[in-house]
Structure formats: structure tokens, C-alpha cells
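The next block holds one structure in the form of C-alpha cells; read it before the comments.
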Amino acid sequence: MTEHTSTTTQLPELQLDGISKSYGDNLAVRSITASIPAHKVSVIVGPSGCGKSTLLRIISGLDEPTEGTVTFEGNPVHGVPEGLAMVFQDYSRSLYPWLRVDKNVAFPLSKLPAAERDARVAEAIEAVGLKGREKLYPWQMSGGMQQRVAIARALASQPKLLLMDEPYASVDAQTRADLEDLLLKIQRKLGITVLIVTHDIDESVYLADHIIVLSTPPSVVAETIDVDLAHPRDHFSTKTHPRFVEIRGHVTQLLRHTELTGGAA
Amino acid sequence: MASAAPSVPAATSASTAAPARRKRRGTLSRPARIGLRLIVPILILLAWYALSQSEAGGLFVPTPLNAFVRAGEMFLSPDPSQLFLGQATYHDFIPSVSRALAGLALAIVIGVGLGIVLGLSPLLTALFQPLIHLGRSLPSPALLGVFFFLFGIGDAPKIFLITFSVVWPILFNTIDGVKSVGETRAQAAAIFRIPAHLVLGKIVLPGAGPKIFAGIRTAMAMSLILMIISELQKSENGLGYLLISTQRQFDYAGFWAVLIVLAALGVVMNFIFLLIERRVLAWHRGATAQHD
């Protein structure tokens with residue numbers, strides 16, 4: 002199975018075909034078609050309220066699209082598929098305050114034998130740099146550390162696809178930069194497919210191998226961009242690189258353009 | 012794992028809680044604090060004594076000393092074979108408290124069970140909301156006759172009356188608590204494909220825990236009231252029965268002795284409840300202290 006996937010790395014891990022979602026008469030996203038390549042970081046960026054979170058809920062199987070299909074590893078998504086994990090924006094609401102850090106991380110692994118579970122938890126906690134804090138409660142930690150716990154919990158389930166919904170919108174700038182680098186490091190090490198939703202243009206270009214720019218609602222894909230910036234990236238040299246500045250300018254222009262034209266193609 | 016568990020939070024909670032406590036009470040020394048707390052009880056005892064000496068009250072109100080001595084005679088004994096407990100303890104106190112606790116336990120099981128089912132389903136909540144409001148607003152002591160009619164005369168009608176009366180705050184609070192667990196936590200559970208029994212036991216129940224405990228606390232106070240009311244009629248024992256029978260025999264010292272025992276019972280039950288709550292909801296005290 003693993004050999005099979007290695008020969009098909011060029012195939013998209015995740016395929017969106019004509020996804021539309023409406024709530025009553027209100028069309029949130031319209032006919033979204035996009036490919037999320039395997040073992041890469043893809044970022045969906047768009048203005049606030051453009052239905053990014055709706056799209057992520059549909060991709061994760063938490064919600065069904067009104068039209069269109071989501072295909073994950075070749076299978077249509079109905080309900081949350083195996084091999085998918087998610088990090089929510091609101092860490093204080095997604096973690097369980099009555100469980101200590103290690104129990105929070107271990108929680109999704111209830112079906113595993115205890116020894117393997119403990120090993121995975123230790124590994125995930127170490128990967129996010131929280132070793133020694135396993136016995137704290139989430140509310141005894143800063144926001145950035147809580148989001149690390151949420152990332153560790155997602156990693157412990159060893160996902161093939163990691164979804165992140167505005168993961169760093171609730172932390173301060175310095176923490177945000179640290180967590181962005183942490184994510185890139187982990188992704189390079191594990192080779193998992195990551196799909197991030199954000200409204201932050203800088204963040205999208207810095208993290209992405211692949212950007213999907215959405216327009217204002219009813220949202221359509223305005224453009225997809227391949228980001229060819231070298232790895233490993235860092236906040237000084239990458240962000241001052243002419244190519245970074247160029248892509249960032251392009252995305253900014255796209256978003257401004259869609260806002261001016263109201264997203265109508 | 013378990014042995015290492017308490018060490019870290021214990022250290023942090025001690026270091027964060029201690030200065031806060033000192034700051035709040037820092038202006039008063041310990042003896043002064045105890046002295047202040049004693050002022051009101053002493054005033055009450057003085058007023059009680061004054062009433063017992065007055066012309067109007069003297070007939071019905073014994074002196075505090077007499078009442079306490081009588082309470083000792085009734086509820087305690089010098090006999091080791093009786094475990095130093097008096098006749099009234101065996102004949103009235105224990106049956107009363109057992110019925111109150113049985114009624115409360117049944118109400119907790121029904122209230123929490125039903126509350127979780129209703130809280131998880133907006134449809135069922137909407138369907139049963141009017142019924143719950145109706146049941147809550149019925150003055151349940153008025154139903155005592157109905158319960159005697161339905162369940163005969165032994166312990167059953169009394170226990171069921173207590174259950175019926177105190178189940179409402181538990182039910183309401185559980186529904187509320189389940190709803191307060193939040194969509195994001197439910198989504199996180201769905202994303203990680205947590206099996207349903209774990210969602211119930213490890214997410215819904217602990218998440219609703221603080222509210223459930225608040226409901227149980229109200230229910231516990233109510234269960235003592237209902238315990239007395241249920242024993243005022245058709246009873247052969249119990250503290251409520253004792254209140255009536257001492258009055259009928261003009262044993263006013265005995266009547267006041269029962270009141271003293273009732274007050275002590277309320278205080279002790281509340282204390283035990285707080286101990287349990289502190290253990291079970293330790294995380295919640297820490298989490299709320301953090302955010303306040």
C-alpha cells in the first residue's frame with residue numbers, strides 16, 4: 002500500500018469537483034474545483050466570510066456539499082474519512098479542559114493498545130516541543146502552547162491529511178511565527194499533506210507550496226498559484242526574497258480585485 | 012503515571028492560589044476572622060435565650076441549653092452497644108436520611124440520564140420542554156396525597172415524592188450543561204472518530220459536570236425539605252414525624268432538639284457535597300480561576 006502511494010504521488014490526495022454549498026437561498030461557495038497535491042502544504046486564502054470554513058467542513062466530512070463531490074485518496078467523502086485530522090482555530094474550545102495534556106493528545110487513540118498509544122503520545126508531544134508539560138491542564142498554558150497541544154493531538158493520530166482552520170488567528174505574532182515554522186518543520190519531516198485555511202496573505206505565501214485564492218461569496222476559485230520558494234524557509238530571508246514579495250503582491254491584488262468586482266466571474 | 016500526576020498541578024495551583032487568598036483576606040488576622048464569624052451565631056443564641064425568658068415565648072421556647080441537652084438525650088446515648096447513638100437516631104434520623112438520600116439518588120440517575128438524552132437532541136428538548144416546565148411549576152407537596160394513593164403507605168411514596176420534587180433542577184441543569192459542551196468540542200470528537208460511549212463518558216458528562224453539580228446542590232437542599240414534608244402525614248417514624256409528635260406531647264424542648272439536628276444535618280450534607288465536588292471538578296475550579 003505504501004509502495005503504491007509512492008508511485009502515485011503525482012495524483013492529488015484530495016480532489017474537489019464542483020463543490021457548491023448553500024444555506025437556504027444563501028449560496029456560500031459556488032462550484033469550487035481544486036486539487037490538493039499529496040505531501041505538500043496547500044493553503045486556501047480568501048477574504049473574511051468567503052466560505053473558507055464551510056469548505057473545510059465539507060472536505061473533512063463534517064458537512065455535505067449541496068452539489069459536487071470531494072474525493073480523498075480516490076474515495077468519495079461521506080462522513081469523516083480515516084486518515085484525516087484537524088486543528089481548529091479556537092484551541093480553548095477544541096481541547097478538553099478536564100483532561101491533562103497527555104490525555105488530550107491520547108484521546109483520539111482510544112482504540113490502540115496502551116503501549117503503542119503511549120509511544121505515539123510521547124512522540125507527538127516531543128514533536129511540538131511540549132516535553133515535560135504532559136501533566137499540565139490546557140488552561141494552565143498560554144494560547145500558543147494550547148495550540149501546540151491541538152497540533153500534537155492531530156499528529157498523534159498519524160493523519161495522511163492534516164486540515165487547519167485559521168490555526169494561528171488567535172495567538173500573538175511571535176507565537177504565530179514560531180508555530181508556522183514548527184508546522185513547516187513537522188510537515189517536511191513526516192511528509193504529510195497539509196491543507197490550511199487562512200485570511201492572512203503573508204501566512205499563506207510563507208507556508209504554502211500551493212495556494213488556492215478564493216473570491217468573495219458566493220466564492221469561486223479566483224486562481225491557484227504554485228509557490229516555488231525554497232525550503233527550509235525562515236521569517237527573515239524567505240519574507241525578504243523578491244519572489245515572496247512578488248507572490249504576496251499578486252495574491253493581494255487578486256483578493257482586492259475580487260472584492261472590487263464582487264467575486265463575479 | 013498516576014503517582015506523578017498530582018505533583019505538577021498541585022505545585023502550580025498552590026503557588027497561584029496562595030497569594031490570591033492572602034491578598035483577599037490579608038487585612039484580617041486569623042483570630043479576628045474567627046471572632047467575626049462567631050458574632051452572628053452568638054447574637055442568635057442570645058435572641059433565642061431572650062425569647063425563652065419572655066412571657067409570650069417562654070411557654071413554647073426552651074432555653075438553648077435545654078434544647079441542646081434534650082437533643083443529646085434523644086439522639087445520643089452513653090451505651091457503647093448502641094454505638095453511643097440514641098433511640099431517636101435509630102427510630103427517626105436514619106430512616107429519614109435514608110429516604111432523602113434514596114430519593115435524591117434516584118433523582119440524580121433519572122435527571123442526569125434524561126437530561127443527557129434531551130440535551131443531545133434539540134428535537135426532544137423542544138418536544139418535552141412544556142412538560143418539564145409543567146412538572147417543575149407543580150407545588151409537589153400538594154401531590155403527597157396522590158403518591159400515598161399510588162404507592163401505599165411505606166417508604167415508597169415518600170421516596171418517590173422526594174424524587175419527583177428534586178429531579179427538576181438536576182434535569183434542567185443537565186440539559187443546559189450538555190448544550191454548553193460546545194460545537195467545536197463535538198466537531199473535534201467527530202473528526203477523531205471517537206466512539207459514542209467515549210463521547211458520552213469523557214466529553215459530554217465531564218463537560219456538563221459543573222452544571223450538573225449545581226443542579227444536584229439545589230436538589231439536595233430541596234430533598235431535606237421534602238423529607239420533612241413527606242413525614243408530616245401517615246408516618247410512624249422520621250424527623251418530620253418527630254416534629255409533629257413532640258409538639259402534640261407539648262415536648263417543646265424535644266421539638267427544638269429536632270430543629271437543631273435538622274440544621275446540623277443540612278450543614279454536614281453541604282460539607283460532604285462540597286468535598287465531592289472539589290474532587291470531581293478540580294479542573295473546573297482551576298480553569299475558571301484562570302479566566303476570571
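Taken in sequence, the protein lines are chains A and B. The first sequence begins at 2 in the working numbering and counts up one residue at a time. The second sequence begins at 12 in the working numbering and counts up one residue at a time. By construction, the Cβ of each residue, glycine as well, lies at the ideal position given by its N, Cα and C atoms.
Original post:
Is the shortest distance between the beta-carbon of R196/B and the beta-carbons of chain A less than 8 Å?
Top reply: Yes - at least one Cβ of chain A is within 8 Å of the one on R196/B.
Original post:
Is the CB of A86/A under 8 Å away from at least one CB in chain B?
Top reply: With a threshold of 8 Å between beta carbons, A86/A makes contact with chain B.
**OP:** Would you mind reading off the limits of the alpha helix (DSSP H) that contains F160/B?
**Re:** Where F160/B is concerned, the enclosing alpha helix (DSSP H) stretches over 155–162.
Original post:
How would you list, in chain order, the residues of chain B whose beta-carbon sits under 8 Å from the beta-carbon of F89/A?
Top reply: Within 8 Å Cβ-Cβ: T195, Q198, A199.
Subject >> Cut-off 8 Å between Cβ atoms - residues of its own chain near H211/A, not counting five sequence neighbours on either side >> reply: Here the set comprises I37, P38, K41, V42, S43, V44, T225, I226, D227, V228.
**OP:** Give the straight-line distance between the Cα atoms of D187/B and G130/B, rounded to the nearest whole angstrom.
**Re:** For D187/B and G130/B, the distance between alpha carbons rounds to 7 Å.
Subject >> chain B within 8 Å of L156/A, Cβ atoms only >> reply: No, L156/A lies away from the interface with chain B (no Cβ there is under 8 Å from its Cβ).
Original post:
Using the C-alpha atoms, what's the distance from G145/A back to D173/A?
Top reply: D173/A and G145/A: Cα-Cα distance of roughly 8 Å.
Original post:
In chain A, which residues lie less than 9 Å from L209/B when you measure between Cβ atoms?
Top reply: In chain order: F108, S111.
Original post:
Looking at the unbroken beta strand (DSSP E) that takes in Y169/A, where does it start and where does it end?
Top reply: Run containing Y169/A: none; DSSP gives neither H nor E here.
Subject >> Euclidean distance between Cα positions of R33/B and L208/A >> reply: In this predicted model, R33/B has a pLDDT of only 48, less than 50, meaning its place in the structure is not dependable enough to derive any value.
Original post:
Do you know offhand how far S234/B's Cα is from F158/B's?
Top reply: It is roughly 16 Å from the alpha-carbon of S234/B to the alpha-carbon of F158/B.
Subject >> Limits of the beta strand (DSSP E) - the one that G19/A falls within >> reply: That run of the beta strand (DSSP E) goes 13–24.
Original post:
From this set, A167/B, R196/B, G126/B, which residue's C-alpha is nearest N184/B's C-alpha?
Top reply: When A167/B, R196/B, G126/B are compared, the shortest CA-CA separation from N184/B is found for G126/B.
**OP:** May I ask you to list the residues that DSSP assigns as paired with E288/B?
**Re:** BP columns for E288/B are empty, so no partner.
Original post:
Out of A123/A, Y138/A, P139/A, which has the shortest C-alpha to C-alpha gap to K132/A?
Top reply: Per the Cα distances, A123/A.
Original post:
From the DSSP output, which residues share a beta bridge with D227/A?
Top reply: According to DSSP, which records beta bridges pairwise, D227/A is partnered with H211/A.
Subject >> Chain-order list of residues whose beta-carbon lies under 7 Å from that of Y60/B (same chain, five-residue window excluded) >> reply: Leaving aside the five residues that flank Y60/B on each side, the residues in its chain whose CB is nearer than 7 Å to its CB run, in chain order, T74, P75.
Subject >> Beta carbon proximity, L63/A to chain B, threshold 8 Å >> reply: At a cut-off of 8 Å between C-beta atoms, L63/A counts as an interface residue with respect to chain B.
Subject >> Three or more C-beta pairs below 8 Å linking the segment 263–271 of chain B and the segment 115–124 of chain B >> reply: Flag = no, the segment 263–271 of chain B and the segment 115–124 of chain B do not touch.
Original post:
Would you say R204/B faces chain A, with C-beta separation under 8 Å as the test?
Top reply: It does; some Cβ of chain A falls within 8 Å.
Original post:
Applying a beta-carbon distance threshold of less than 7 Å, which residues of chain A neighbour P217/B?
Top reply: Going along chain A in sequence order, the residues near P217/B (Cβ under 7 Å) are W99.
**OP:** Please check if any C-beta of chain A sits within less than 8 Å of the C-beta of A67/B.
**Re:** It does not; no Cβ of chain A falls within 8 Å.
Original post:
Can you find a C-beta in chain B that's less than 8 Å from the C-beta of R118/A?
Top reply: No, no contact with chain B.
Subject >> Interface flag, G11/B vs chain A, CB-CB below 8 Å >> reply: Nothing about residue 11/B can be reported from this structure: the residues present for chain B run from 12 to 303 only.
Original post:
Buried or exposed: V129/A, going by 16 or more other Cβ atoms within 10 Å of its Cβ?
Top reply: Counting Cβ neighbours within 10 Å, V129/A comes out buried, since at least 16 surround it.
Subject >> Strand pairing of P77/A, partner residues [DSSP] >> reply: P77/A is bridged to T72/A.
Original post:
When the distance is taken between beta carbons, is L230/A closer than 8 Å to I193/A?
Top reply: Not in contact: I193/A and L230/A (Cβ atoms no closer than 8 Å).
Subject >> DSSP bridge partner residues for I186/B (one or two, in chain order) >> reply: Partner(s): none; I186/B has no beta bridge.
Original post:
Helix, strand or coil for R101/A per DSSP?
Top reply: Of the three classes helix, strand and coil, the one that applies to R101/A here is coil, per DSSP.
Original post:
Should V246/A be labelled buried (16 or more other beta-carbon atoms within 10 Å of its own) or exposed?
Top reply: With fewer than 16 Cβ atoms within 10 Å of its Cβ, V246/A is classed as exposed.
Original post:
In chain A, which residues lie less than 7 Å from I214/B when you measure between Cβ atoms?
Top reply: Around I214/B, the beta-carbon contacts reaching into chain A at under 7 Å are Y97.
Original post:
What does G297/B reach in chain A if we use C-beta pairs closer than 8 Å?
Top reply: By Cβ distance, chain A contributes Y138, W140, Q141.
**OP:** Just list the alpha helix (DSSP H) runs in the segment 106–145 of chain A, keeping only unbroken ones of 4 residues or longer that don't cross its boundaries, in chain order.
**Re:** Under the rule that a run must span 4 or more residues, the alpha helix (DSSP H) segments found entirely inside the segment 106–145 of chain A read 115–128.
Subject >> Beta-carbon neighbours of V81/A, restricted to chain B and to distances below 7 Å >> reply: Chain B residues near V81/A: A201, I202, R204.
Original post:
What does R31/A reach in chain B if we use C-beta pairs closer than 8 Å?
Top reply: The premise fails here: R31/A is roughly 24 Å from chain B at the closest Cβ pair, so nothing lies under 8 Å.
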